[in-house]
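Take a look at the structure below.
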Amino acid sequence: MSKVKLLSGEQIPLEMHKIRMVQKVNLLPVEERIESMKEAGFNTFLLKNRNVYLDMLTDSGVNAMSENQYAAMMQADDSYAGSETYYRLQEVLKDIFGLDQFLPAHQGRACENIIAETLVTPGSTAIMNYHFTTTKAHIKRRGGTVEEIVPDSSLEINSDVPFKGDIDIDKLNAMIARLGKDKICFVRIEAGTNLIGGQPVSMKNMREVSKICRKAGIPLVYDASLLSDNLYFIKTREAEFADVDLKEISREIAALMDVTYFSARKLGSARGGGILVSDEALFHKMRELVPLFEGFLTYGGMSVREMEALAVGLNETMDLEVISQTPIFVEALCNELLAKGIPVVTPPGGLGCHVDAMAFCSHVPQDQYPAGALAAAMYIASGVRGMERGTMSEERGDDGVDKLAEMELLRLAFPKRVFTYSQVKYVADRLDWLYKNRTLIGGLKFVEEPKVLRFFFGRLEPVGDWPEKLVVAFRKDFGDSL
Ligand SMILES: Cc1ncc(COP(=O)(O)O)c(C=O)c1O
15 MSKVKLLSGE
25 QIPLEMHKIR
35 MVQKVNLLPV
45 EERIESMKEA
55 GFNTFLLKNR
65 NVYLDMLTDS
75 GVNAMSENQY
85 AAMMQADDSY
95 AGSETYYRLQ
105 EVLKDIFGLD
115 QFLPAHQGRA
125 CENIIAETLV
135 TPGSTAIMNY
145 HFTTTKAHIK
155 RRGGTVEEIV
165 PDSSLEINSD
175 VPFKGDIDID
185 KLNAMIARLG
195 KDKICFVRIE
205 AGTNLIGGQP
215 VSMKNMREVS
225 KICRKAGIPL
235 VYDASLLSDN
245 LYFIKTREAE
255 FADVDLKEIS
265 REIAALMDVT
275 YFSARKLGSA
285 RGGGILVSDE
295 ALFHKMRELV
305 PLFEGFLTYG
315 GMSVREMEAL
325 AVGLNETMDL
335 EVISQTPIFV
345 EALCNELLAK
355 GIPVVTPPGG
365 LGCHVDAMAF
375 CSHVPQDQYP
385 AGALAAAMYI
395 ASGVRGMERG
405 TMSEERGDDG
415 VDKLAEMELL
425 RLAFPKRVFT
435 YSQVKYVADR
445 LDWLYKNRTL
455 IGGLKFVEEP
465 KVLRFFFGRL
475 EPVGDWPEKL
485 VVAFRKDFGD
495 SL
């Protein structure tokens with residue numbers, strides 16, 4: 015992605031690729047959209063994709079692949095053990111991260127399972143900049159707890175802090191002093207901190223955290239799933255790296271860590287995952303779990319075709335023009351929404367545009383899931399599927415009371431190289447309409463609530479008949495338009 019100036023002076027994002035394979039999408043009439051939403055139990059995860067116009071649920075496993083990735087799939091070596099494909103992928107990983115002790119896994123949470131099985135003991139604490147849903151679930155399942163230590167200012171919706179994903183060094187030191195090294199199973203840094211708005215972590219911060227962990231003898235784990243966005247921000251927001259090669263930056267990051275893992279559904283635009291481990295003893299411990307949970311050591315639950323695509327995709331991640339589309343689109347959408355007075359997380363991060371549902375739907379009580387309600391309303395208004403990242407994505411406490419999230423966000427994710435700029439404009443327009451009609455949006459309540467990771471397949475219903483009122487307002491303003 016590039017930014018170019020038009021004759022009018024307007025600066026627009028310009029796609030640096032052409033599209034040679036397309037998928038037809040449907041934009042249903044609003045009366046059918048409300049029916050689809052009801053059928054999905056007001057949970058955007060449960061919508062059928064055939065009823066979705068723009069799928070902005072996630073970038074996971076849905077990034078566009080390049081012609082070279084597809085071509086590489088043809089050379090996959092389909093053998094159970096010793097596949098040449100594994101060695102090709104290992105070579106690429108070594109080149110990018112400087113490490114060759116590589117364990118394949120079928121996706122990011124499978125890596126988290128292996129890491130938690132190896133490092134988390136009952137009663138221990140994992141300290142991190144911020145949790146991710148599946149990470150926390152695996153740590154809790156092993157009897158551990160999670161402590162989040164971003165600075166308080168990183169949880170403010172609007173700020174000009176360029177690296178809101180940084181760990182608060184004072185909090186880290188205080189927590190190590192309070193808990194003691196033996197009670198801390200690991201410190202985890204998540205690149206492009208997902209749940210607080212795709213916010214990056216600076217190299218300066220990673221260097222400091224690594225020094226503290228090394229001194230204290232605490233393993234440092236890096237979740238590199240959102241590395242590509244984070245690399246873009248290190249390069250564009252951290253002056254020291256303006257002219258440094260992305261590969262060099264990646265190698266420095268990996269050298270600061272003890273364990274680096276990733277979801278290859280995100281990083282490398284394929285489907286799979288992997289763990290890189292620097293310490294030999296730890297590597298051997300984790301390696302034992304791969305055949306048990308994933309598959310043999312040279313495929314780990316991944317299809318060899320995906321592994322070939324991943325090897326190429328990882329190399330493409332080292333090209334700033336390739337990885338910049340998401341952050342540039344996020345910035346463009348955020349700026350357009352801000353100009354219309356619509357509350358979004360700033361500074362714009364990676365992954366997607368994050369709408370502040372607490373401000374957007376300030377009349378909806380937090381225990382009626384304002385971000386979930388906004389996600390449902392956005393689908394009804396536009397056919398665009400976003401994801402709730404707020405209280406619905408948390409789990410109830412043991413007392414049955416909802417744990418209210420620190421932020422209520424509607425995430426509109428940008429899968430890499432999937433959408434066009436006119437689609438970005440459409441999203442901004444429908445959100446603008448929704449904002450002008452925001453008082454129509456009401457709350458949601460669970461009617462079916464799974465105990466673990468309830469946001470994936472829980473079912474809800476609206477409090478009142480607000481979805482119907484939204485449809486009437488849509489028709490009044492848009493006539494017979496879709
Ligand atoms: C930061 C982060 N870590 C881990 C995961 C889990 O990866 P996967 O979905 O491949 O299991 C995700 C997925 O969205 C993620 O965003």
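So the sequence shown is numbered by my numbering: it starts at 15 and just counts up by one. Quick reminder that beta carbons are idealized off the backbone N, C-alpha and C, glycines included.
{"Asked": "Rounded distance between the beta-carbons of Val235 and Asp272, thought under 8 Å", "Found": "7 Å"}
{"Asked": "Check whether Glu131 and Arg156 have beta carbons under 8 Å apart", "Found": "yes"}
{"Asked": "Residue burial classification, Pro384 (beta-carbon count within 10 angstroms, cutoff 16)", "Found": "buried"}
{"Asked": "Thr148 CB to nearest heavy atom of ligand 1 below 7 Å", "Found": "yes"}
{"Asked": "Contact with chain B by Lys32, beta-carbon distance below 8 Å", "Found": "Considering every chain present, this structure includes no chain B. It has just one protein chain."}
{"Asked": "Where the beta strand (DSSP E) through Arg202 begins and ends", "Found": "198-204"}
{"Asked": "CA nearest to the CA of Tyr393, picked from Thr207, Phe310, Leu117, Gly55", "Found": "Gly55"}
{"Asked": "Met372 versus Gln382, Leu365, Gly363, residue with shortest Cα-Cα distance", "Found": "Gln382"}
{"Asked": "Reduced DSSP category for Gln89 - H, G, I as helix; E, B as strand; rest coil", "Found": "coil"}
{"Asked": "Inter-residue Cα distance where the pair is Ile153 and Asp333", "Found": "34 Å"}
{"Asked": "From Ser93, Lys17, Phe471, residue whose alpha carbon lies closest to that of Phe310", "Found": "Ser93"}
{"Asked": "Rounded Cβ spacing between Ser277 and Cys199 (contact assumed at less than 8 Å)", "Found": "About 21 Å; that fails the 8 Å criterion."}
{"Asked": "Cβ contact check for the stretch 76-85 and the stretch 420-440: 3 or more pairs under 8 Å", "Found": "yes"}
{"Asked": "Classification of Ile203 by the beta-carbon crowding that lies within 10 angstroms, buried from 16 upward", "Found": "buried"}
{"Asked": "Cβ-based neighbour list, Ser97, same chain, cut-off 7 Å, excluding 5 preceding and 5 following", "Found": "Asp91, Thr312, Tyr313, Val318"}
{"Asked": "Minimum C-alpha distance to Glu462 - residue among Ile129, Leu21, Leu60, Met316", "Found": "Leu60"}
{"Asked": "Ligand 1 heavy atom lying under 7 Å from the CB of Glu204", "Found": "yes"}
{"Asked": "Through-space distance from Val486 to Arg251, alpha-carbon basis", "Found": "45 Å"}
{"Asked": "Nearest-angstrom Cα separation, counted from Leu445 out to Glu49", "Found": "20 Å"}
{"Asked": "Spatial distance of Val466 from His145 (CA atoms)", "Found": "15 Å"}
{"Asked": "Cut-off 7 Å between Cβ atoms - residues of its own chain near Ala389, not counting five sequence neighbours on either side", "Found": "Thr58, Gly400, Met401, Glu402, Leu424"}
{"Asked": "Beta-carbon proximity list for Ile506, same chain, < 6 Å, skipping 5 on both sides", "Found": "This structure gives no information on residue 506, because the portion of the chain shown stretches from 15 to 496."}
{"Asked": "Contact test: Asp237 Cβ vs ligand 1 heavy atom, cutoff 7 Å", "Found": "yes"}
{"Asked": "Per-residue DSSP class, three states only, for Met35", "Found": "coil"}
{"Asked": "Best match in Met87, Met35, Glu422, Asp182 for proximity to Ile163 [C-alpha to C-alpha]", "Found": "Asp182"}
{"Asked": "Close-in-space but distant-in-sequence residues of the same chain around Ala442 (CB under 8 Å, 5 per side omitted)", "Found": "Leu347, Glu350, Leu351, Lys354"}
{"Asked": "For Gly96: DSSP bridge partner residues", "Found": "Note: Gly96 sits in no beta bridge, so no partner."}
{"Asked": "Cβ-Cβ distance between Ser168 and Ile141 below 8 Å", "Found": "no"}
{"Asked": "Three-state secondary structure assigned by DSSP to Ala453", "Found": "In the sequence under discussion, the amino acid at residue 453 is Thr, which differs from the Ala named in the question. Thr453 falls in the helix class under three-state DSSP."}
{"Asked": "Closest residue to Leu456 among Pro464, Pro379, Leu418 (Cα-Cα distance)", "Found": "Correcting the residue type first, residue 456 is Gly in the shown sequence and not Leu. Considering only alpha carbons, the answer is Pro379."}
{"Asked": "According to DSSP, residues forming a beta bridge with Pro361", "Found": "Bridge partners of Pro361: none, in fact."}
{"Asked": "Residue span of the alpha helix (DSSP H) that contains His152, given as start and end", "Found": "147-155"}
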